[in-house]
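The listed protein sequences derive, respectively, from chains X and S. Sequential numbering from 1 applies to the first sequence in full-length UniProt numbering. Sequential numbering from 1 applies to the second sequence in full-length UniProt numbering. Worksheet: the structure to be examined is printed underneath.
There are 2 protein chains.
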Amino acid sequence: MAEEYVQSLARGLAVIRAFDAATPELTLSDVARKTELTRAAARRFLLTLVDLGYVRTDGRLFSLSPRVLELGYAYLSSLSLPEVALPHLERLVAEVHESASVSVLDDADVVYVARVPTTRIMRVTIAIGTRFPAHCTSMGRVLLAGLPPDELDAFLEGHPLERLTPRTVTSPVALRGELDRVRAQGWAMVDQELEEGLRSIAAPIRNRAGRAVAAVNLSSHASRTTLESARRDLLPPLLATAARIEADLHATSSREAMP
Amino acid sequence: MAEEYVQSLARGLAVIRAFDAATPELTLSDVARKTELTRAAARRFLLTLVDLGYVRTDGRLFSLSPRVLELGYAYLSSLSLPEVALPHLERLVAEVHESASVSVLDDADVVYVARVPTTRIMRVTIAIGTRFPAHCTSMGRVLLAGLPPDELDAFLEGHPLERLTPRTVTSPVALRGELDRVRAQGWAMVDQELEEGLRSIAAPIRNRAGRAVAAVNLSSHASRTTLESARRDLLPPLLATAARIEADLHATSSREAMP
Numbered sequence: 001m002a003e004e005y006v007q008s009l010a011r012g013l014a015v016i017r018a019f020d021a022a023t024p025e026l027t028l029s030d031v032a033r034k035t036e037l038t039r040a041a042a043r044r045f046l047l048t049l050v051d052l053g054y055v056r057t058d059g060r061l062f063s064l065s066p067r068v069l070e071l072g073y074a075y076l077s078s079l080s081l082p083e084v085a086l087p088h089l090e091r092l093v094a095e096v097h098e099s100a101s102v103s104v105l106d107d108a109d110v111v112y113v114a115r116v117p118t119t120r121i122m123r124v125t126i127a128i129g130t131r132f133p134a135h136c137t138s139m140g141r142v143l144l145a146g147l148p149p150d151e152l153d154a155f156l157e158g159h160p161l162e163r164l165t166p167r168t169v170t171s172p173v174a175l176r177g178e179l180d181r182v183r184a185q186g187w188a189m190v191d192q193e194l195e196e197g198l199r200s201i202a203a204p205i206r207n208r209a210g211r212a213v214a215a216v217n218l219s220s221h222a223s224r225t226t227l228e229s230a231r232r233d234l235l236p237p238l239l240a241t242a243a244r245i246e247a248d249l250h251a252t253s254s255r256e257a258m259p
Numbered sequence: 001m002a003e004e005y006v007q008s009l010a011r012g013l014a015v016i017r018a019f020d021a022a023t024p025e026l027t028l029s030d031v032a033r034k035t036e037l038t039r040a041a042a043r044r045f046l047l048t049l050v051d052l053g054y055v056r057t058d059g060r061l062f063s064l065s066p067r068v069l070e071l072g073y074a075y076l077s078s079l080s081l082p083e084v085a086l087p088h089l090e091r092l093v094a095e096v097h098e099s100a101s102v103s104v105l106d107d108a109d110v111v112y113v114a115r116v117p118t119t120r121i122m123r124v125t126i127a128i129g130t131r132f133p134a135h136c137t138s139m140g141r142v143l144l145a146g147l148p149p150d151e152l153d154a155f156l157e158g159h160p161l162e163r164l165t166p167r168t169v170t171s172p173v174a175l176r177g178e179l180d181r182v183r184a185q186g187w188a189m190v191d192q193e194l195e196e197g198l199r200s201i202a203a204p205i206r207n208r209a210g211r212a213v214a215a216v217n218l219s220s221h222a223s224r225t226t227l228e229s230a231r232r233d234l235l236p237p238l239l240a241t242a243a244r245i246e247a248d249l250h251a252t253s254s255r256e257a258m259p
């Protein structure tokens with residue numbers, strides 16, 4: 001397949017990704033450095049992106065234009081899941097006063113596709129598309145627990161389990177045991193394995209064939225919620241929300257319900 | 001610049017855009033037809049995108065993967081505007097019970113970067129990135145009215161004014177007169193020029209240099225809101241909201257406040 005690979009496309013997409021919240025405006029030299037391209041190559045890609053309307057420039061500084069939204073939103077608008085889930089997330093957040101999210105599995109990460117925050121700290125526009133490692137997040141645990149055995153084996157063999165806090169489970173054997181428990185009980189709780197002070201609880205959203213295609217969670221600060229109170233106060237409304245989202249998804253066509 | 005143009009990048013981005021809400025899953029033949037590429041070329045681009053993680057396939061059907069969100073969100077996360085505007089839009093919608101949006105100008109279109117709907121019909125995740133022609137929308141009118149004279153001339157000379165309803169202003173002379181009025185009064189009202197039954201009213205959001213960098217609007221159905229009631233009931237809270245967003249934007253760094 002090596003001869004099939006279109007390197008120019010890979011490099012051009014890397015140029016788009018060179019822009020981020022911390023550095024929304026870049027010079028030609030910045031882009032060359034961040035993408036490890038020569039200045040001449042970076043210049044060709046930038047001018048092509050300017051020509052296509054994806055990048056703007058004043059001659060010296062380059063920045064992304066609103067047209068790049070076409071690319072990410074082609075995916076989002078093809079998903080019925082965020083649209084189906086959002087009203088249910090809003091109801092859940094109004095009930096329990098904790099932030100709720102829906103994510104899907106992509107390689108070794110969960111990717112947020114819908115989020116309703118309680119606070120103004122992280123807005124929905126920023127949160128969507130955010131990725132976290134699946135092995136140490138509650139949504140990742142329910143999605144990994146729902147994988148067919150051969151896909152779970154491939155995940156555990158192919159991805160080192162990074163330690164993000166002192167509590168992160170990094171042993172494949174221990175993680176497999178935890179996933180067995182999650183699969184049996186139908187939900188996952190993760191206590192400060194992704195970030196100190198962050199507890200979250202998640203439930204799977206299954207398609208009509210019974211496969212976990214997405215997960216919904218509630219996240220809270222450890223100072224506010226004990227493991228016991230999360231289980232007592234957050235789990236029942238979370239499971240009810242997952243059931244409502246599933247029912248609505250199954251009412252749409254099965255093709256649409258697939259993320 | 002012809003020799004500088006990276007055609008493979010342009011074609012690869014066209015392959016991403018071939019997927020949309022109506023056709024989230026495509027065969028190789030579908031992609032070739034939609035992008036006017038040969039099957040061999042379409043296959044090379046698709047396999048490259050699969051390799052990069054932007055496209056998934058079961059061998060026959062192709063679909064976008066959540067990773068494409070990285071591309072659009074690089075732009076959104078670089079904007080402080082949606083984050084600054086959303087709490088103010090929510091307050092406005094709670095007050096007047098009509099949907100509110102913020103958009104920026106991109107070529108001849110307005111592009112939504114934030115939206116708070118009153119109903120469930122169009123959710124924020126779907127709405128963001130939506131484009132409408134600037135000449136027949138209230139947000140477009142305030143943004144066009146805020147252009148420097150040479151840029152407005154270039155717009156009027158470069159873009160035919162498409163008729164979308166019987167009421168759409170399609171004469172450049174008439175539009176220029178309307179833009180003069182909008183500039184003088186500091187807001188725009190558009191009555192069913194984009195779509196029958198849709199009325200909207202918009203105000204500019206100016207940067208510290210006084211240039212209109214974005215617009216905020218309220219849209220309503222003609223059956224619910226007369227031109228008189230829009231002016232009496234919607235305009236004052238809209239102008240107050242625009243002022244609050246401007247104040248917050250100016251409080252952030254001037255670089256960040258630029259969309």
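Even glycine gets a Cβ: it sits at the ideal position worked out from N, Cα and C. Source: prediction; values computed, not measured.
Exercise. Determine which residues of the stretch 147-167 of chain S have a Cβ less than 7 Å from any Cβ of chain X, and write them out in chain order.
Key: From the stretch 147-167 of chain S, no residue has a Cβ closer than 7 Å to chain X.
Quiz item: Hey, is S:S65's beta-carbon within less than 8 Å of any beta-carbon in chain X?
Solution: Yes - at least one Cβ of chain X is within 8 Å of the one on S:S65.
Practice problem: Check the Cβ-Cβ distances between X:V6 and every residue of chain S, and say whether any is below 8 Å. | Solution: Yes, X:V6 lies at the interface with chain S (some Cβ there is under 8 Å from its Cβ).
Exercise. Report the residue ranges of all beta strand (DSSP E) runs contained in full by the stretch 80-129 of chain S; include only those spanning at least 3 residues, in chain order.
Key: DSSP runs (the beta strand (DSSP E)) wholly in the stretch 80-129 of chain S: 99-106, 109-116.
Quiz item: Mind pulling the chain S residues with CB within less than 9 Å of X:V216?
Solution: Neighbours of X:V216 across chain S, judged by C-beta separation under 9 Å, do not exist; the nearest C-beta is about 15 Å away.
Exercise. Would you mind stating whether residue 314 of chain X and X:I205 have Cβ atoms separated by less than 8 Å?
Key: Absent from the model: residue 314 of chain X. The displayed extent of chain X is 1 to 259, so no value can be given.
Exercise. Measure from the C-beta of S:V142 to each C-beta in chain X and report whether the shortest distance is under 8 Å.
Key: So, not an interface residue.
Practice problem: For S:V31, I'd like the list of residues in its chain whose CB is within less than 7 Å of its CB, leaving aside the five on either flank, ordered along the chain. | Solution: For S:V31, where only same-chain residues beyond five positions count, the Cβ hits under 7 Å are V15, A18, A42, L46, F62.
Quiz item: Does DSSP put S:T35 in a helix, in a strand, or in coil?
Solution: DSSP places S:T35 in helix when its eight states are reduced to three.
Quiz item: Listing by chain order, which chain S residues have their CB less than 7 Å from the CB of X:A10?
Solution: Neighbours of X:A10 across chain S, judged by C-beta separation under 7 Å: T48, L52.
Quiz item: Between S:I245 and S:A85, is the Cβ-Cβ spacing less than 8 Å?
Solution: With respect to S:A85, S:I245 sits close: the two C-beta atoms are nearer than 8 Å.
Quiz prompt | Buried versus exposed call for S:T38 [16 or more other C-beta atoms within 10 Å across all chains shown] | solution = Exposed, since its Cβ has fewer than 16 Cβ neighbours within 10 Å.
Quiz item: Applying a beta-carbon distance threshold of less than 8 Å, which residues of chain X neighbour S:F132?
Solution: Within 8 Å Cβ-Cβ: nothing; S:F132 doesn't reach chain X, min ~12 Å.
Quiz item: Going along the chain, which residues of its own chain have a beta-carbon closer than 6 Å to the beta-carbon of S:A100, five neighbours each way excluded?
Solution: Spatial neighbours of S:A100 in its own chain (CB-CB distance under 6 Å, excluding positions within 5 residues in sequence) are listed in chain order as L89, L92, V93, V116, L218.
Practice problem: Let me know the secondary structure DSSP gives S:S63 once reduced to three states. | Solution: The three-state secondary structure of S:S63, taken from DSSP, is strand.
Self-check item: Span separating the alpha-carbon of residue 307 of chain S from that of S:G186
Solution: This structure leaves residue 307 of chain S out entirely; chain S is present only between 1 and 259.
Quiz item: Distance, Cα to Cα, X:L249 vs S:P66?
Solution: Their Cα atoms are separated by approximately 19 Å.
Quiz item: Would the stretch 176-196 of chain X and the stretch 103-118 of chain X be scored as touching if the rule is three or more Cβ pairs under 8 Å?
Solution: Result no; under three Cβ-Cβ pairs closer than 8 Å.
Quiz item: With a CB to CB cut of under 7 Å and the five nearest residues on each side skipped, what residues in its chain are close to S:T168?
Solution: C136, E193, listed in sequence order.
Quiz item: Which whole-angstrom value is the C-beta distance of S:M139 and S:V113, which I expect to be below 8 Å?
Solution: Actually they do not touch by this definition, with Cβ atoms about 11 Å apart.
Quiz item: What are the uninterrupted segments assigned as beta strand (DSSP E) that are 3 or more residues long and contained completely in the stretch 131-162 of chain S, given in chain order?
Solution: Counting only runs of 3 or more, we get 131-133.
Quiz item: Leaving out five residues before and five after S:H159 in sequence, what residues of the same chain have Cβ atoms less than 7 Å from its Cβ?
Solution: These residues qualify, in order along the chain: A108.
Quiz item: Comparing the C-beta of X:L92 with each C-beta of chain S, is any distance below 8 Å?
Solution: Among the CB atoms of chain S, none fall inside 8 Å of the CB of X:L92.
Practice problem: Identify the contact partners of X:E70 in chain S, using a Cβ-Cβ distance below 8 Å as the criterion. | Solution: Residues of chain S passing the Cβ test: R17, G72, G129.
Practice problem: Check the C-beta distance from X:L234 over to X:E98 and give it rounded, since I have them as a contact under 8 Å. | Solution: Yes, they are in contact, since the Cβ atoms of X:L234 and X:E98 sit about 7 Å apart, within 8 Å.
Quiz item: Roughly how many angstroms separate the alpha carbons of S:L76 and X:L71, rounded to a whole number?
Solution: Straight-line Cα distance between these residues: approximately 12 Å.
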